[in-house]
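Peer 1: One structure is given below, represented as structure tokens, and several questions about it will come after.
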Amino acid sequence: MKDIENAIASCTSLVELEKLRVSLFGKKGHFAAQFEKLKKLEGDAKKEFAQNLNITKENFLELLNQKKSALDAVMIEAQMRKSSVDVTLFNQESSAGALHPVMDTMDKIIEYFVSMNFSIEEGPLVEDDFHNFEALNLPKYHPARDMQDTFYFKDSMLLRTHTSPVQIRTMLKQSAPIRMICPGAVFRRDFDITHTPMFHQVEGLVVDKTGKVSFANLKFILEDFLKYMFGDVKVRFRPSFFPFTEPSAEADISCIFCKGEGCRVCSHTGWLEVLGCGVVDSNVFKAVGYKDVSGYAFGLGVERFAMLLHQIPDLRSLFEGDLRLLEQFR
Ligand SMILES: CNC(=O)COc1cccc(Nc2cc(Cl)ccn2)c1
Numbered sequence: 001m002k003d004i005e006n007a008i009a010s011c012t013s014l015v016e017l018e019k020l021r022v023s024l025f026g027k028k029g030h031f032a033a034q035f036e037k038l039k040k041l042e043g044d045a046k047k048e049f050a051q052n053l054n055i056t057k058e059n060f061l062e063l064l065n066q067k068k069s070a071l072d073a074v075m076i077e078a079q080m081r082k083s084s085v086d087v088t089l090f091n092q093e094s095s096a097g098a099l100h101p102v103m104d105t106m107d108k109i110i111e112y113f114v115s116m117n118f119s120i121e122e123g124p125l126v127e128d129d130f131h132n133f134e135a136l137n138l139p140k141y142h143p144a145r146d147m148q149d150t151f152y153f154k155d156s157m158l159l160r161t162h163t164s165p166v167q168i169r170t171m172l173k174q175s176a177p178i179r180m181i182c183p184g185a186v187f188r189r190d191f192d193i194t195h196t197p198m199f200h201q202v203e204g205l206v207v208d209k210t211g212k213v214s215f216a217n218l219k220f221i222l223e224d225f226l227k228y229m230f231g232d233v234k235v236r237f238r239p240s241f242f243p244f245t246e247p248s249a250e251a252d253i254s255c256i257f258c259k260g261e262g263c264r265v266c267s268h269t270g271w272l273e274v275l276g277c278g279v280v281d282s283n284v285f286k287a288v289g290y291k292d293v294s295g296y297a298f299g300l301g302v303e304r305f306a307m308l309l310h311q312i313p314d315l316r317s318l319f320e321g322d323l324r325l326l327e328q329f330r
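Using our numbering, you'd call the opening residue of the sequence shown number 1 and step up by one each time.
What follows is the structure in structure tokens.
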């Protein structure tokens, strides 16, 4: 009997234990043979043999069950260990997102003007003729209103072509002084390597009592802004024209690629045009009912800033969602 006890104790798998159980309790097993012997006995011998046989049988059944529970526990523990997740492991594969370069550039632009006490105003993308053109001194026949440049809806509503309407709406809502910027998406029927149907602008407007706001303020804030955005660059103002400002100017920075020597990017001029500005035309103030005020305004394209800051030659690549480009801006 000892050898059977040792055999049960030394079992290492449920399969082995099952074989052992069958060899003990199966039809041709150990106890089947013992019961055959029992049949040949008589009287007290038979009774004594039967008692011992049952005790032995109970003992072995108990031993087998204990061993089975023990092997079950080992198997469950092994399965638990295999399937458990060690939450303390460091995750190398963090695929955190990142801001799109255009939105990141827009945030930097906004940061500057907020630090200079400009408020941020927003307005509708779908505009009407008055807020987008008429109030900005763009008369009915002006080419900027043409279908080839502007997305119109049936009822002469349109997709705003700049963020100036927000400045008109703000002036209609509140009196001077005003010190605001309006960032946002704008839409034009244009599509090539430097133009996309939707792009982003930031416009600024400063209005105060006559005499308190001058072109000198405009030059200071824009030069300071451009140095903040592009680092150590020279800034120049060239006379220009916009229907909504008089006098008007365009601001250039010395080329950040060739440091002013002249290269393909700056068309060998050494200068890069980056924004337009000017003293607000009196007709604009008339349209919004402002009296005894003067002010300046400016407008810039955010994609153009992003392309210059990150040396991206083709604007369209900013809208393709190609991870090979976006991955570089993590
Ligand atoms: C990308 N933008 C450019 O090149 C030029 O944008 C400019 C230039 C000058 C002024 C403005 N905006 C403006 C707004 C009002 Cl309400 C009144 C007068 N002007 C925008």
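Ideal placement from N, C-alpha and C gives every residue a C-beta, glycine not left out.
Give me, in chain order, the residues of the same chain whose beta-carbon lies closer than 8 Å to that of Met106; leave out the 5 immediate sequence neighbours on both sides.
Peer 2: Pro183, His200, Val202 and Val302
Peer 1: From what residue to what residue does the beta strand (DSSP E) around His30 run?
Peer 2: Element bounds for His30: not the beta strand (DSSP E) but the alpha helix (DSSP H), His30 to Lys40.
Peer 1: For Pro9, does the count of other Cβ atoms within 10 angstroms reach 16, so buried, or fall short, so exposed?
Peer 2: In the sequence under discussion, the amino acid at residue 9 is Ala, which differs from the Pro named in the question. Per the 10 Å Cβ criterion, exposed.
Peer 1: Just list the residues that DSSP pairs Glu250 with in beta bridges.
Peer 2: Arg238 and Gly276
Peer 1: Consult DSSP for Met307 and reduce its assignment to one of helix, strand or coil.
Peer 2: helix
Peer 1: With hydrogens ignored, establish whether the beta-carbon of Gly211 is closer than 7 Å to any heavy atom of ligand 1.
Peer 2: No, the beta carbon of Gly211 sits no closer than 7 Å to any heavy atom of ligand 1.
Peer 1: Taking three-plus beta-carbon pairs below 8 Å as touching, is the segment 155-169 in contact with the segment 94-105?
Peer 2: no
Peer 1: Between Ala176 and the rest of its own chain, which residues show a CB-CB distance below 7 Å, the 5 nearest in sequence each way excluded?
Peer 2: Counting only Cβ-Cβ distances below 7 Å, and skipping sequence neighbours, we find Val207, Asp208, Lys209, Tyr290 and Val293.
Peer 1: Shortest alpha-carbon distance to Thr196 belongs to which of Leu53, Lys37, Glu48 and Asp314?
Peer 2: Asp314
Peer 1: Just the C-alpha distance for Leu89 and Lys173, rounded to the nearest angstrom, thanks.
Peer 2: 56 Å
Peer 1: So Arg160 and Phe187 are supposed to be a Cβ contact under 8 Å. How far apart are they, rounded?
Peer 2: 7 Å
Peer 1: Based on Cα-Cα distance, which residue from Ile4, Phe230 and Leu38 lies nearest to Leu64?
Peer 2: Ile4
Peer 1: Given 8 Å as the limit, is there contact between the segment 208-223 and the segment 266-285, that is, 3 or more CB pairs closer than that?
Peer 2: yes
Peer 1: Mind checking whether the beta-carbon of Thr245 lies closer than 7 Å to any heavy atom of ligand 1?
Peer 2: yes
Peer 1: Between Phe118, Met157, Tyr141 and Asp146, which lies nearest to Pro124 when the distance is taken from Cα to Cα?
Peer 2: Met157
Peer 1: Taking 7 Å as the cut-off, does the CB of Ala297 come closer than this to any heavy atom belonging to ligand 1?
Peer 2: yes
Peer 1: Please go through the same chain and pick out, in chain order, the residues whose beta-carbon is closer than 7 Å to the beta-carbon of Phe60, but skip the five residues on each side of it.
Peer 2: Ile4 and Leu24
Peer 1: Pick helix, strand or coil for Ile168, following the three-state DSSP scheme.
Peer 2: helix
Peer 1: Would you mind working out which of Val126, Lys68 and Lys234 sits nearest Glu16, comparing C-alpha positions?
Peer 2: Lys68
Peer 1: Which runs of the beta strand (DSSP E) at least 3 residues long sit entirely within the segment 177-229? Give them in chain order.
Peer 2: 178-187 and 198-209
Peer 1: Relative to ligand 1, is the shortest distance from any of its heavy atoms to the C-beta of Gln201 smaller than 7 Å?
Peer 2: yes
Peer 1: When burial is assigned at 16 or more other CB atoms within 10 Å of the CB, is Met75 buried or exposed?
Peer 2: Exposed is the call here.
Peer 1: May I ask you to check if the CB of Ser164 is nearer than 7 Å to at least one heavy atom of ligand 1?
Peer 2: yes
Peer 1: Using only CA atoms, which one of Ser83, Val126, Leu138 and Lys82 lies nearest to Phe244?
Peer 2: Leu138
Peer 1: Using only CA atoms, which one of Phe118, Leu272, Arg316 and Val85 lies nearest to Asp190?
Peer 2: Arg316
Peer 1: Hey, is Ile168 close to ligand 1, as in C-beta under 7 Å from one of its heavy atoms?
Peer 2: Yes, since a heavy atom of ligand 1 falls inside the 7 Å radius drawn around the Cβ of Ile168.
Peer 1: Return yes when at least one heavy atom of ligand 1 lies under 7 Å from the C-beta of Val284, else no.
Peer 2: Yes.
Peer 1: Which residues share a DSSP beta bridge with Leu159?
Peer 2: Val126.
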